[in-house]
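Worksheet for the structure shown next.
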Amino acid sequence: MLAKDKEKPKLAEVVSITAHYLRNPLTIIRTYLEALIFEDLGKINQKQKEYLLDALENVKRMKETVNQFLDIFLVEEKRYKMILEPAVLGDLTDEVIGDFSLLTKASNCEVFFRKPKNLPKVLTNQLKIRQVIENLISNALKYKRIGRGKIEIALVKSGKNIVFSCKDDGIGIPHKDFKKVFTKFYRSEQAIESDPSGAGLGLYINKAIIELSGGKIWFKKNKDFGMTFYFRLPIAQV
Ligand SMILES: Nc1ncnc2c1ncn2[C@@H]1O[C@H](COP(=O)(O)OP(=O)(O)OP(=O)(O)O)[C@@H](O)[C@H]1O
Ligand SMILES: [Mg+2]
């Protein structure tokens, strides 16, 4: 038992160092690709742009995988810790929607974002909550039905919390799977068909992040099509 306990910190170090060494080169590749795409180094043709955008998309995906790899390890080890700070959820959501704009267009989806003015700040970790919003929007985009899609994102104040919601009109999740949605590696049969690349880890990690901020994450099946995912976070005391 002692020997096993002694091994754990070493493994944790290996995981975080590996993640670190993978993340930095990926950031550099991303910066260079963006410089080429934005034509900082001279004009490029349409075909070159297409290839570079595809490369950029894949670099982003690799970075997400590296982050997930580190997160999953820490959650499993019950050593996932976050520094909480006041954050403007509306601004973070705007940024993520902006980051997805190319993909949204390519997926033939429209995104609407509704938020009241002067919403108070929430207490959370900005980087991590960004990751949650990214996964929820990415899921809404990935699990759409054929044809045009609509994603409605909203923020509302509810008592001492802010509630985020992301409603889509996609393929939805079957009732029989509801209990498994936040478990590790869960993927519906339909989701595997429509996008084989997912790992089924996003929502599992999202739940840990939200709960560590003192919040809650849940979902409902819409009456007509698709799902609505919600999370709530406590308003920061200032
Ligand atoms: N908006 C949605 N519409 C339909 N199914 C969804 C939606 N969000 C999640 N799901 C289902 O829940 C599963 C788990 O989602 P989760 O985000 O954890 O994993 P993933 O998207 O498959 O992979 P990744 O680890 O890259 O996020 C999905 O594979 C899909 O079956
Ligand atoms: Mg996902």
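To convert, take the position in the sequence shown, counting from 1, and add 1235; that gives the numbering used here.
Backbone N, C-alpha and C fix where the C-beta goes; we use that ideal spot for every residue, glycine too.
These figures come from a predicted structure and were not determined experimentally.
Beta-bridge pairing of residue i - partner residues as DSSP gives them
i: F1347; result: E1387
i: S1400; result: A1389 and Y1465
i: T1359; result: E1320
Backbone secondary structure at residue i - three-state DSSP
i: V1473; result: coil
i: K1313; result: coil
i: A1434; result: coil
i: L1305; result: helix
i: L1268; result: helix
i: I1408; result: coil
i: I1452; result: strand
i: S1342; result: coil
i: K1298; result: helix
i: T1418; result: coil
i: I1445; result: helix
i: K1278; result: coil
i: K1377; result: helix
i: D1326; result: helix
i: I1251; result: According to the sequence provided, residue 1251 is Ser. The question's Ile does not apply to it. Helix.
i: S1336; result: helix
i: L1261; result: helix
i: F1273; result: coil
i: K1395; result: coil
i: N1370; result: helix
i: L1246; result: helix
i: K1284; result: helix
i: N1293; result: helix
Cβ-heavy atom distance, residue i to ligand 4, below 7 Å
i: R1422; result: Absent from the structure shown: ligand 4. Ligands present: ligand 1 and ligand 2.
Residues of its chain near residue i, where Cβ-Cβ distance is below 6 Å and the 5 sequence neighbours each way are ignored
i: F1308; result: V1250
i: N1343; result: R1383
i: P1409; result: none
i: K1350; result: G1325 and L1390
Nearest-angstrom Cβ-Cβ length linking residue i and residue j, presumed shorter than 8 Å
i: L1436; j: Q1303; result: 5 Å
i: S1429; j: I1406; result: 6 Å
i: I1198; j: V1357; result: Lying outside 1236 to 1473, the shown extent of the chain, residue 1198 is not represented and no answer is given.
i: K1474; j: R1467; result: No statement about residue 1474 is possible, as the shown extent of the chain runs from 1236 to 1473 and does not include it.
i: F1348; j: I1388; result: 5 Å
i: A1426; j: Y1465; result: Actually they do not touch by this definition, with Cβ atoms about 19 Å apart.
Cβ shell of residue i (< 7 Å), same chain only, five flanking positions each side left out
i: I1272; result: K1284, L1287, L1288 and L1291
i: R1422; result: G1433 and G1435
i: F1417; result: L1438, Y1439 and K1442
i: T1359; result: L1319, A1322, S1448 and L1468
i: K1313; result: none
i: A1375; result: I1386, C1401, D1403 and G1405
i: K1363; result: M1317 and I1444
Nonlocal neighbours in the same chain, by C-beta distance under 8 Å from residue i, ignoring five residues either side
i: R1207; result: Past the boundaries of the shown model lies residue 1207; the chain is included only from 1236 to 1473, so the question cannot be answered.
i: V1301; result: A1254, L1257, R1258 and L1261
i: K1282; result: none
i: A1365; result: For the sequence presented, residue 1365 should be read as Arg rather than Ala. Once the five neighbours on either side are set aside, the close Cβ partners of R1365 are L1327, E1330 and V1331.
i: I1470; result: P1355, K1356, V1357, L1358, K1392, K1395, N1396 and I1397
i: V1310; result: Y1439, I1440 and A1443
Interface flag, residue i vs chain D, CB-CB below 8 Å
i: E1311; result: No chain D is present in this structure, which holds just one protein chain.
Cβ contact check for the stretch 1436-1447 and the stretch 1309-1321: 3 or more pairs under 8 Å: With a cut-off of 8 Å, the stretch 1309-1321 and the stretch 1436-1447 count as touching, because enough Cβ pairs lie within range.
contact_flag[the stretch 1319-1330, the stretch 1293-1303] where n(CB pairs < 8 Å) is 3 or more: Fewer than three pairs of CB atoms, one per stretch, sit closer than 8 Å, so the stretch 1319-1330 makes no contact with the stretch 1293-1303.
Segment contact flag, the stretch 1452-1460 with the stretch 1396-1415, C-beta cutoff 8 Å, min 3 pairs: Counting Cβ pairs under 8 Å, three or more are found: they touch.
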